[in-house]
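As structure tokens, then:
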């Protein structure tokens, strides 16, 4: 002990020159066993455990350790510690600066360091203090070096002071040379494995991005697109749930569009879950435009249905990335796992790359959906307008100069620029639809569609579908989605003719769309907002129907915002000559005839006639007259006109006159209402209009 550490390097230098022949038989056999152990074990931990058992017979030690140099960080790291006395403060993975450790000194000097008693070692005070606490009294460190690089140091330690002999040091150097090659091979193998894993991950990432790209060009519909992307993510990233939430700018909420669970089944619900932007991980990710990792504790801090559902499913970690395209964020793509801390930075990077592609696809899918909806709407409008064009009315002209008609037109000019609901009243055939079209054409909605619905002509069971539309499968025969008339009239005007015939059970839904401007299609729970001006018309007494509980009072008051009463033809007789001449020329052009003269007696008879069917009756009469007129003179079948005067006492009111007129027609046709020879055709009325007038006048077919 008096020689001290300063004389040790000389002894070590002599020992390093020891030739293999100078080894004892036991040492030679031990070296062979070391070589055998190195050949058997590729894992360094298993190798050192086996070496400790084999070397104990030759070298005295209580601790065997491997300290490796980290060139990137310039530290010495304890890699392996093999001992039967587990330490408390020294653990594998601990790092020390090179200059503060004996292993660093050995690495730099490439000399063996022997410390027989740590009490006499003045260098490395911090480590010596730790060794003293762990009851380590002596140690020996040997450099681990190959032809390619310096690796670190191999250490032997004892819990008692001990001076290793030259023979022991020479033997340990032989061991260190073999161990250095094994450590170098193991580190190279680990590096190769890490590199191979990186290449595999990169290959999987590129393959996933390629598959996502293929999905983009293969699917335009959002559900199919999400299902394809979810299948790709399941193969490259461990997780249980994938979800897609899009931002709804109207409601300022996140709307869950799709959810893919562990069973691999994509669920797209019509009744979507919505949540406030600040109340969920996807919402916070959307607001910050940055990826977000959330633990179970984070989820418990959100007060939202979405967070509660994730917790109920056992989710313990969530990764959300924003879908950013150009200058806006569309929504958030999220993956969730039932494990804690399931996602690392590599997962976040991959998900961000996928999200950049998905954002483009979602934008395209939304644009495709919008285009498809507009295309369907335009197709419906085209069919509707083509049907309108085929009608025989000239909707652009209202003929007449009478004061009563001018008063109505002044009301039209007053209300047209507003978006208020207009309620047109008048007898059948007075031109209520012409007034409705005039209101539309004078309004700011004239560039959009004018849609009309005859509520009396559509069966009760189909009226709701006609007004509000239906989804595929909503009822038997609903083989495709159908847009309702309210959707077709979005931005334009909806004309509800014969509104008094709307059944009571449908009136609350009509009242809601008038007040709230929203409704749901048949078979759907998704609320649709619509901006359509409503113009309603009827020839019935709605006030009386309200009193008789045949019509809702709240709907009546909502319709009766601006009432317009269209006068019957008999109240504006001064317009009859103008109308007759106009209609005669109209039908003459259509039939390629020339009508130049209308006899005075004919015109007088037409002016005196009371016209119970109003303008519609006149149109039918003039059309028949044009057909039967052989020359330029209009020959009107005046015999068809009933005289305006009746025997004294037989007619007391206009309602009685109308009742008698209808009864005579019914008797002449033997109570046949429809068909070309029915009462409705003779009177110039629609069959539904005739039935409505019969109900109002109390006309019932007598029993046989």
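Numbering (this note's numbering), first residue to last: 299 to 1002.
Even glycine gets a Cβ: it sits at the ideal position worked out from N, Cα and C.
Residue i to residue j span [Cα, whole Å]
{"i": "residue 786", "j": "residue 637", "result": "50 Å"}
{"i": "residue 856", "j": "residue 724", "result": "19 Å"}
{"i": "residue 777", "j": "residue 661", "result": "29 Å"}
{"i": "residue 752", "j": "residue 728", "result": "15 Å"}
{"i": "residue 654", "j": "residue 335", "result": "52 Å"}
{"i": "residue 635", "j": "residue 615", "result": "5 Å"}
{"i": "residue 980", "j": "residue 824", "result": "47 Å"}
{"i": "residue 919", "j": "residue 903", "result": "13 Å"}
{"i": "residue 794", "j": "residue 521", "result": "37 Å"}
{"i": "residue 788", "j": "residue 800", "result": "21 Å"}
{"i": "residue 463", "j": "residue 412", "result": "10 Å"}
{"i": "residue 337", "j": "residue 429", "result": "33 Å"}
{"i": "residue 987", "j": "residue 976", "result": "13 Å"}
{"i": "residue 427", "j": "residue 389", "result": "15 Å"}
{"i": "residue 649", "j": "residue 523", "result": "16 Å"}
{"i": "residue 606", "j": "residue 556", "result": "17 Å"}
{"i": "residue 765", "j": "residue 854", "result": "18 Å"}
{"i": "residue 538", "j": "residue 640", "result": "11 Å"}
{"i": "residue 688", "j": "residue 767", "result": "Confidence at residue 688 is low in this model, with a pLDDT of 39, below 50, so the placement of that residue is unreliable and no value is reported for it."}
{"i": "residue 646", "j": "residue 720", "result": "59 Å"}
Per DSSP, the bridge partner or partners of residue i
{"i": "residue 368", "result": "373"}
{"i": "residue 721", "result": "834 and 861"}
{"i": "residue 552", "result": "545 and 573"}
{"i": "residue 593", "result": "615"}
{"i": "residue 451", "result": "365 and 441"}
{"i": "residue 800", "result": "Residue 800 is not bridged to any residue."}
{"i": "residue 666", "result": "BP columns for residue 666 are empty, so no partner."}
Neighbourhood of residue i by C-beta distance below 8 Å, restricted to the same chain and skipping five residues each side
{"i": "residue 790", "result": "738, 743, 746, 747, 748, 749, 830 and 831"}
{"i": "residue 923", "result": "882, 932, 933, 934 and 935"}
{"i": "residue 456", "result": "358, 359, 360, 361, 434, 435, 436 and 437"}
{"i": "residue 371", "result": "393"}
{"i": "residue 706", "result": "733, 862, 863, 864 and 865"}
{"i": "residue 588", "result": "620"}
{"i": "residue 995", "result": "953, 956, 957 and 960"}
{"i": "residue 348", "result": "335, 338 and 339"}
7 Å CB neighbourhood of residue i in its chain, flanking five on each side removed
{"i": "residue 774", "result": "none"}
{"i": "residue 356", "result": "324, 325, 328 and 469"}
{"i": "residue 921", "result": "885"}
{"i": "residue 852", "result": "809"}
{"i": "residue 451", "result": "365, 401, 404, 405, 439, 440, 441 and 442"}
{"i": "residue 849", "result": "798, 840 and 843"}
{"i": "residue 930", "result": "892, 893, 894 and 895"}
Helix, strand or coil at residue i [DSSP, three-state]
{"i": "residue 848", "result": "coil"}
{"i": "residue 890", "result": "coil"}
{"i": "residue 873", "result": "helix"}
{"i": "residue 413", "result": "strand"}
{"i": "residue 630", "result": "strand"}
{"i": "residue 642", "result": "coil"}
{"i": "residue 795", "result": "strand"}
{"i": "residue 428", "result": "helix"}
{"i": "residue 953", "result": "helix"}
{"i": "residue 931", "result": "strand"}
{"i": "residue 475", "result": "helix"}
{"i": "residue 579", "result": "helix"}
{"i": "residue 829", "result": "coil"}
{"i": "residue 730", "result": "helix"}
{"i": "residue 423", "result": "helix"}
{"i": "residue 502", "result": "helix"}
{"i": "residue 767", "result": "strand"}
{"i": "residue 521", "result": "helix"}
{"i": "residue 774", "result": "coil"}
{"i": "residue 716", "result": "coil"}
{"i": "residue 458", "result": "coil"}
{"i": "residue 621", "result": "strand"}
Residue i Cβ short of 8 Å to the ligand ZN heavy atom set
{"i": "residue 332", "result": "The ligand ZN is absent from the structure shown, which contains no ligands of any kind."}
Same chain, Cβ closer than 6 Å to residue i, five either side skipped, listed in chain order
{"i": "residue 546", "result": "553"}
{"i": "residue 896", "result": "932"}
{"i": "residue 609", "result": "597"}
{"i": "residue 754", "result": "796, 799 and 986"}
{"i": "residue 633", "result": "537, 540 and 617"}
If contact is defined by three or more beta carbon pairs under 8 Å, each pair taking one atom from either stretch, is the region 873 to 880 in contact with the region 832 to 843?
no
At least 3 beta-carbon pairs within less than 8 Å: the region 626 to 633 vs the region 541 to 554:
yes
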